[in-house]
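Data block below; observations after.
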Amino acid sequence: MYQTHLTIVLAPLVASAIAGLFGRQIGRTAAHLLTIGAVALSCVLSFRVLQHVGLGGAAENYTVYTWAVADGLRMEVGFLIDRLSAMMMFVVTFVSLMVHIYTIGYMRDDPGYQRFFSYISLFTFAMLMLVMSNNFLQLFFGWEAVGLVSYLLIGFWYKKPTAIFANLKAFLVNRVGDFGFLLGIAGVVAFTGSLDYAYVFASAPSLANETIAVWGDTPWHALTVICVLLFIGAMGKSAQAPLHVWLPDSMEGPTPISALIHAATMVTAGIFMVARMSPLFELAPGALEFILVIGAITAFFMGLLGVIQNDIKRVVAYSTLSQLGYMTVALGASAYAAGVFHLMTHAFFKALLFLAAGSVIIAMHHEQDIRKMGGLRKYMPITYVTSLIGTLALIGFPFTSGFFSKDVLIEAVAEAGHLRHAWPYTVAYWSVLTGVFVTSLYSFRMFFLVFHGKPRMDEHTREHLKESPWVVTLPLVLLAIPSALIGYVTIQPMLFGYFFDGSIMPHPDTDPLLLLGNHWHGPVAFVLHALQGPAVWLALAGAVTAWFVWLKRPSIAESFATRLSAVRRVLENKYYADDLWIKGMAGGGRLLGKGLWKLGDQTLIDGALVNGSARLVAASSRVIRKVQAGYLYFYAFAMVIGLTLLLGWLLYGAQ
Amino acid sequence: MTTKNLLSLLIWLPVVAGFAALLIGDGGDRTSARAKAMRWFSLLASLLIAAFSLPLLLQFDKSTAAMQFVERLPWITRFNAEYYLGVDGLSAPLILLTTFITPLVLISAWEVIKDRSAQYFAAFLILEGLMIGVFCALDAMLFYVFWEAMLVPMFLIIGVWGGQRRIYATIKFFLYTFLGSVFMLVSLIYLYTRTGSYDLLEFHKVPIDATAQTLIFLSFVAAFAVKVPMWPVHTWLPDAHVEAPTGGSVVLAAVMLKMGGYGFVRLALPITPDASGSLAWLLIALSLIAVVYIGLVALVQSDMKKLIAYSSIAHMGFVTLGFFLFWGILESTGDTNGVALGITGAMVQMISHGLISGAMFLCVGVMYDRVHSRNIGDYGGVVNTMPWFGAFMVLFAMSNAGLPGTSGFVGEFMVILASFKANFWIALLAATTLILGASYTLWMVKRVLFGEVANDKVAALQDLNAREFLMLTVLAVGVLLLGVWPQPLVEMMQPSVDALVDHIGRSKL
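As you go down the protein sequences, you meet chains A and B in turn.
Under numbering that gives the first Met the number 0, the first sequence has 529 at position 530, and the numbering climbs by one with no breaks.
Under numbering that gives the first Met the number 0, the second sequence has 134 at position 135, and the numbering climbs by one with no breaks.
This is the structure:
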């Protein structure tokens, strides 16, 4: 399979290089055919790999080449192809392929057409390197490389001030996460002496009692410190509070990449990474509780922000933040497989929702304010139906993919709470449960405002409303199918079967999915059981509320807005998190830099020491200058005298 | 050809070629046929030297820490000083870096240097020979001669072809570095009185008591810390860079700063290991100040050259940090596992920084040649008119920010891994470079490259010409190659680094 794996990774890279370097020469059509062909090849081969390992083929773990060996530490590039990575490879290449096709329509009139295809193919390469890695070095490479492409794509329209602000912000906030991530990797190496997953996981149990002196004399549990550091990396990449601030702004990039990078794949890298590291995190209960709390905060509070957004992409962006919080909560509850399962279903339905939003944006001539839309269902039937499927999946409507992944996630958190009895589990449970209502509220608010009610756009726009071309709608349809069905088909093997055995390794005593599995009687029974629980009804309540407030009685929304103006102000300022980062951290850093420069470098070092001693020398040389000709003579003279003195002193002193 | 006198050839061929370029002259006119002949002659000479340096890569024995390509002749017999040359895994990569950078510097000056172009080209060729001499010399007297002689061409390069405050900058540069090295000379003479020769390898072996070691070590620090430069003796560098012509900045950043780092591994650590150990905390503290303090200062610079100069100081902080982790790791883990990783990382960082800082200064030079400003505020939206240039600059900026897959990542990664073994807080402070390095570099990129076209001058910019494209491509290939596959370089250094770690672990008291 070596050649297959290599082809999967390298095909998009080669296509990207050609489209990027020779885009002008080969032209637009060749650029998109080439990159689409490459990603399609990767997708087909990934599917074959998934089939192979999914049907009982052995996982493969091997080195591709040795990057460097220093001091006995082997730093390599290598692949670990097991079911977890195979599943990720397929999801990444499939969504990427859909986005590639969609881009033909979305970027049709853009002068940077070839450059865009080059970037998204490069992204596919980087993301594949990340998920296929068998070691921490390559993981970090993929991790930063997807960050690079994200930076390039958010700032794709480099003339737009908001875009180039957003991409710098995204890169720097991610770097704050990577700062923790790299320290975590350094910790892994310090304690195990290896970067290789298999070796590190195998030696993890023997580290369970290691400590590290972080603060004073109190020894800290080494694995907890390492896992928290690694998770800080995930907080950056997967946009968990308080490092979430970059994701909403990343919507400044073109919509196809919002779907591919900022919803379906890159932002889930953090979730994937923690699931991959489950043998480490299982040994660090403190880190798991930290993850739970962060995830719970993100899931609930980011969802609330979705309710007040008016930009169609930002609603979906906040929804993504909230859903990433759900996945994080699953990780914290040791239900890694449930987190990854939600990652997969979310990749399909969230990519669908973003691409549908893009389809609406095309029809609306790049108007993104949902208050100026309405009634679009008559003009855009395919976009309408696929959006409905996506929305139902997002809120967890029975039998959709999102229903299975979200309901199982909530139940797993409840079970974990029964197993571990700690407050973070309770907090997390209530957060994800009430979050269901919020999710449904913002989802259907957007859905109704866009597709139902009276058209609110201007006359000119309305006359030109029409369904998008087939290159746009085909990906919508192809994504709607798994959004609707994939949960029903795959939940049994992925969560209650053997699928992730050997890839995700929760401790059997505290594995909530193992407990849930005892009551598992197939997907239909699961739906029937769920109807007796609160989640489905909360989702329904949210949809009905949205219908009533924004469609039936719009005056209610307004009166709420005036009565709860304090709450509204907090929400509109996004909990002031942006101020914390921009004014606090960035502004503070610049202020500090200015202070150090002016006071330290210019006043103290240069002013007092350097120029001061120069003046001193000049003053004392005034006497000598009468007999000597100039500066350099004096220095040479002084040097000889000084040397002689020093030498004599040294020689005597040392004897 | 034989490799018997290879090192002599590498030292003296550039010097001879430099004088030949002076003789050819430019006929007082940059556009004359004579000047053209001089330029081609100089470039071909530098390419020939680069070709001659290839045996250092291809015929280098990667299995030994012993000196290779050794040449040894009597020189000043009265003082037992010898013409003693040799290279090992610590010096050979730096020589290759020097011979790699020099042709690029000549290319960068091609049609840019208007006055006294023959002298300019000659100065760089002579400088190349002298710098290679520093890396080859195994005799302390010879080392010192090259060390000081190298200042002269650089002094002239800044003083003659520099900017408006060039006199202030050259005097500052000269005095700083000269004063530092004088202390080193005292130590070298003292060591001569102890061993009866100037053989550096004998210096490595001679036992020295604690007081003398401390004094010698401090004199070395005075010489090398200025060159690196380390905080607080760094303020000459931003001034020198700002005033230097593009080529001067490139050589200064790419090669001359490495003299300081090289001095630590060739002299300070092996000659005074015990004093290095007792003062390691100081060097580590200064290195971390370089990373954090200088990183913050770089953030607020409005002059691009100054920004890159400060960025250089911050990146060189990783070099000195990597060198002095031995004792911290020994104390916290009980063994020396990881020390060699830190030193290797520091060495790789020197090579990588040579490529990246050289490339960054060339990028600034490309813009300066067109707009005659180094001020970030005079630019904006450059990528609109110079898309290829923009692509190169983003690549080098990302490498400067330590992106994996580029050379900037390799050394920093290794040093951070090693420093975690010594102490959590050292690693944490060092890792702030991920945030700071990205902040100052990419913020500059944003203000210079992106946005709407800022003014008429930017609107009138022409994209890279073939000459500029060539030099940036060569550096881009180097940066990527080293980032994707550093093993050949690491392999070359490994025996020497291991031997060094073994050596500094033995007390010389």
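Beta carbons: idealized from backbone N, C-alpha and C, even for Gly.
Residue contact with chain B for tryptophan 549/A: absent (no Cβ-Cβ distance below 8 Å to any residue of chain B). Glycine 592/A has a beta carbon lying within less than 8 Å of a beta carbon in chain B. Interface flag for glutamate 143/A against chain B is set, since a Cβ pair is found closer than 8 Å. A distance of 8 Å or more separates the beta carbons of threonine 399/A and serine 321/A. Listed in chain order, the non-local C-beta contacts of glutamate 242/B below 7 Å within the same chain comprise Ile157, Gly161, Gly162, Arg164, Arg165 and Ala168, local neighbours out to five positions each way being set aside.
Near chain A, meaning a CB-to-CB distance below 7 Å, no residue of the segment 315-332 of chain B qualifies. Counting only unbroken stretches of 4 or more residues, the alpha helix (DSSP H) elements lying wholly within the segment 387-457 of chain A are 400-419 and 422-450, in sequence order.
The DSSP-derived three-state label of methionine 366/B is helix.
With respect to chain B, the C-beta atom of phenylalanine 450/A has no partner C-beta closer than 8 Å. At a Cβ-Cβ threshold of 8 Å, valine 14/B and isoleucine 125/B count as neighbours.
About 7 Å separates the Cβ atoms of methionine 346/B and valine 496/B, confirming a contact at the 8 Å cut-off.
Nearest to leucine 136/A by C-alpha distance, out of Leu55/B, Met397/B and Val409/B, is Val409/B.
Here the segment 306-321 of chain A makes contact with the segment 367-379 of chain A; the two share three or more CB pairs at distances below 8 Å. Around the CB of isoleucine 94/B, 16 or more other CB atoms lie within 10 Å, so the residue is classed as buried. In the structure shown, the three-state DSSP call for phenylalanine 347/A is helix. By the 16-neighbour rule on beta-carbons within 10 angstroms, phenylalanine 547/A is exposed. By the neighbour-count definition (other C-beta atoms within 10 Å, threshold 16), lysine 305/B is a buried residue. Bounds of the alpha helix (DSSP H) holding threonine 319/A are 311-331. Relative to glycine 302/A, the option among Thr319/A, Ile290/A and Gly19/A whose CA is nearest is Thr319/A.
Secondary structure at alanine 29/A: helix, using DSSP grouped into helix, strand and coil.
Nearest C-alpha to phenylalanine 263/B among Gly321/B, Asp302/B and Tyr191/B: Gly321/B. Of all residues in the segment 133-167 of chain A, the ones placed with a Cβ closer than 7 Å to any Cβ belonging to chain B are Phe139, Phe140, Glu143, Ala144, Leu147, Gly154, Tyr157, Lys158, Pro160, Ile163 and Leu167, in chain order. With contacts defined by Cβ atoms closer than 8 Å, valine 476/B and glycine 379/B do not form a contacting pair. Contact check for isoleucine 75/B and serine 275/B: beta-carbon distance about 30 Å, past the 8 Å limit, so the pair fails to qualify. Ranked by Cα distance from alanine 286/A, the options Val172/A, Val471/A, Leu222/A and Thr489/A are led by Leu222/A. The segment 181-190 of chain A and the segment 161-173 of chain A do not touch, with fewer than three beta-carbon pairs separated by less than 8 Å. Counting along the chain, glycine 587/A sits inside the alpha helix (DSSP H) bounded by residues 587-594.
Going by beta carbons, alanine 34/B and proline 102/B fall outside the 8 Å limit.
For the segment 434-455 of chain B, the set of positions with a beta-carbon nearer than 7 Å to some beta-carbon of chain A reads Ile434, Ala437, Ser438, Leu441, Trp442, Lys445, Phe449, Gly450 and Glu451 in chain order. Contact of threonine 63/B with chain A by beta-carbon distance below 8 Å is absent, the smallest such distance being about 17 Å.
Per the coordinates, the alpha-carbon of alanine 262/A lies some 10 Å from the alpha-carbon of valine 94/A.
Scanning Gln493/B, Leu471/B, Leu84/B and Ala122/B for the CA closest to the CA of glycine 17/B turns up Ala122/B. Contact between serine 439/A and alanine 538/A holds: their C-beta atoms lie close to 5 Å from each other, under 8 Å. Exclusion of the five residues before and after leucine 236/B leaves Pro228 and Ala308 as the residues of its chain whose Cβ lies within less than 6 Å of its Cβ. For isoleucine 503/A, there is no enclosing beta strand (DSSP E), as DSSP marks it with neither H nor E. For leucine 84/B, the pairing in a beta bridge is given by DSSP as Glu70/B and Ala136/B.
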